[in-house]
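Enquirer: After the structure tokens below, expect a handful of questions from me.
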Amino acid sequence: MIRIANVCKSFGAVQALNDVSFEVKENELFGLIGPDGAGKSTLFRILISLMTPDSGTVALWGLDAVRDYKAVRKIIGYMPGKFSLYEDLTVEENLQFFASVFGVTVEENYHLIEEVYSHIAPFRKRPAGKLSGGMKQKLALSCALIHKPRLLALDEPTTGVDAVSRKEFWENLGAIRQAGVTTIVATPYMDEAALCDRIAFINKGRILSIDTPQNIVERTTQRIFAIRAANMRTLPALCRSLPEAIAAYSFGDSVHLAVNSHHTEADGIRQQLTRLSCEKITVEPIAPTIEDCFIITAKN
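Remember, our numbering sits 13 above the position in the sequence shown when you count from 1.
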């Protein structure tokens, strides 16, 4: 089990992490969900012992991330957001190098990476720097797994890759969990949150909410409306001006309006927007998404 307790970290006047606490269960796929600048990468660097907190503690299976950093690093596989392997080495050479660093051979743990590595095996003689974004991602994941870590820490692993590679990557994470590897994933993509066992919303260095994706959606008390109108450019600001509005934001081809009152109806919203000179208005009540829940939680 992983325990993060009351962790704080500042960089000058910037409070990157503010009293962060949560636990990750054995063999769990845990998501840390938040926008750029939320504190995800700082927390990951503290978790894997690359950075010390100003205060608070991080323990991994009883090992202190500061005091026992050498032992901690042996049980962690880390994949940073930026590709950080040796671009002048081939795919095969990178994998062999990282295996040797941890005192193992590729052959003894190949079963862990077989599903991931099979996609890049045809390019094993190609320099890593000449791989596509999706292939680099698969190589980085293979190198992070080759020593059979207890914890796999993935910092925004799907940023900048195509939709097919993102889908394949999350399918790989499901197989990795079946192999008994506890995984923490940091991502700004709200759609990936639904693929985790549990998630923590983080924003401006604070944990906002922790639960299963389903529970977070189901316990949302606000009503959400999808609104379209002729003047979509000014519609978010007009929606925010409504007295019952909690939040209003562009969402695809509509504006999502969150309201506290369950007595608010679509016709009432339409009438108010008509008085504000909106035209061709459609207002539809919808079920909240994970992204809606995050925005509402961040506003409160």
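We put the CB at the ideal spot given by N, CA and C, even for glycine.
Give, in chain order, every unbroken run of the alpha helix (DSSP H) that is at least 4 residues long and sits entirely within the stretch 45 to 87.
Expert: At a cut-off of 4 residues, the continuous stretches assigned as alpha helix (DSSP H) that sit fully inside the stretch 45 to 87 are 53 to 60, 82 to 87.
Enquirer: Among G142, S54, I15, which has the Cα closest to the Cα of F35?
Expert: In the sequence shown, the residue the question calls residue 35 occupies position 22. The shortest Cα separation from F35 among G142, S54, I15 belongs to I15.
Enquirer: Please classify Y130: does DSSP put it in a helix, a strand, or coil?
Expert: By 1-based counting over the sequence shown, the position of residue 130 is 117. Y130 carries a helical assignment under DSSP once its states are collapsed to helix, strand and coil.
Enquirer: Return yes when the Cβ of I229 is within less than 8 Å of the Cβ of I303, no when it is not.
Expert: Against the sequence shown, residue 303 aligns to sequence position 290. Against the sequence shown, residue 229 aligns to sequence position 216. For I303 and I229, yes; Cβs fall inside 8 Å.
Enquirer: Are the beta-carbon atoms of I126 and L158 separated by less than 8 Å?
Expert: Within the sequence shown, numbered from 1, the residue matching residue 126 stands at position 113. Within the sequence shown, numbered from 1, the residue matching residue 158 stands at position 145. Cβ atoms of I126 and L158: closer than 8 Å.
Enquirer: Which word fits Q150, buried or exposed, when buried means at least 16 other C-beta atoms lie within 10 angstroms of its C-beta?
Expert: Taking the sequence shown and counting its residues from 1, one reaches residue 150 at position 137. Burial call: buried.
Enquirer: Measure the Cβ-Cβ separation of T196 and L167 and say whether it is below 8 Å.
Expert: Residue mapping note: residue 196 aligns to position 183 of the sequence shown, counting from 1. Residue mapping note: residue 167 aligns to position 154 of the sequence shown, counting from 1. Their beta carbons are under 8 Å apart, which means T196 touches L167 by this criterion.
Enquirer: Could you work out which residue in L248, D305, L45 is closest to R283 when comparing CA atoms only?
Expert: Residue mapping note: residue 283 aligns to position 270 of the sequence shown, counting from 1. It is L248.
Enquirer: Between K38, V104, G47, G90, which has its C-alpha nearest A199's C-alpha?
Expert: Within the sequence shown, residue 199 is the residue found at index 186, counting from 1. The residue from K38, V104, G47, G90 with its alpha-carbon nearest to that of A199 is G47.
Enquirer: Using the DSSP secondary-structure output, state which residues sit across from K22 in a beta bridge.
Expert: Position 9 of the sequence shown, counting from 1, holds the residue named residue 22. In the DSSP assignment, K22 is bridged to L30.
Enquirer: Please classify L255: does DSSP put it in a helix, a strand, or coil?
Expert: Walking along the sequence shown from the start, residue 255 turns up at place 242. Coil at L255, not helix or strand.
Enquirer: Is it right to say A206 is buried, meaning 16 or more other beta carbons lie within 10 angstroms of its own, or is it exposed?
Expert: Residue numbering aside, residue 206 sits at position 193 when the sequence shown is read from its first letter. Counting Cβ neighbours within 10 Å, A206 comes out buried, since at least 16 surround it.
Enquirer: Which word fits K143, buried or exposed, when buried means at least 16 other C-beta atoms lie within 10 angstroms of its C-beta?
Expert: Position 130 of the sequence shown, counted from the first residue, corresponds to residue 143. The residue is exposed, with fewer than 16 neighbouring Cβ atoms inside 10 Å.
Enquirer: Would a C-beta distance cut-off of 8 Å place G52 and L73 closer than the cut-off?
Expert: Counting from 1 along the sequence shown, the entry for residue 52 is found at position 39. Counting from 1 along the sequence shown, the entry for residue 73 is found at position 60. Cβ atoms of G52 and L73: not closer than 8 Å.
Enquirer: With the cut-off set at 8 Å, would you say L42 and D204 are in Cβ contact?
Expert: Here residue 42 is taken as the residue at index 29 of the sequence shown, counted from 1. Here residue 204 is taken as the residue at index 191 of the sequence shown, counted from 1. Going by C-beta atoms, L42 is not nearer than 8 Å to D204.
Enquirer: Quick one: is K138 buried, meaning 16 or more other Cβ sit within 10 Å of its Cβ, or exposed?
Expert: Locating residue 138 in the sequence shown gives position 125, counting from the first residue. Exposed, by the Cβ-count rule.
Enquirer: Go ahead and pull the three-state DSSP assignment for R211.
Expert: As a position in the sequence shown, residue 211 is number 198, starting the count at 1. Of the three classes helix, strand and coil, the one that applies to R211 here is strand, per DSSP.
Enquirer: Within this structure, are the beta carbons of I240 and S263 separated by less than 8 Å?
Expert: Against the sequence shown, residue 240 aligns to sequence position 227. Against the sequence shown, residue 263 aligns to sequence position 250. No.
Enquirer: With three or more C-beta pairs closer than 8 Å as the rule, is the stretch 85 to 92 touching the stretch 126 to 136?
Expert: no
Enquirer: Return the CA-CA distance between P140 and T233, expressed in angstroms with no decimal places.
Expert: Reading the sequence shown from its first residue, position 127 is the one you call residue 140. Reading the sequence shown from its first residue, position 220 is the one you call residue 233. Computed Cα separation, rounded: 49 Å.
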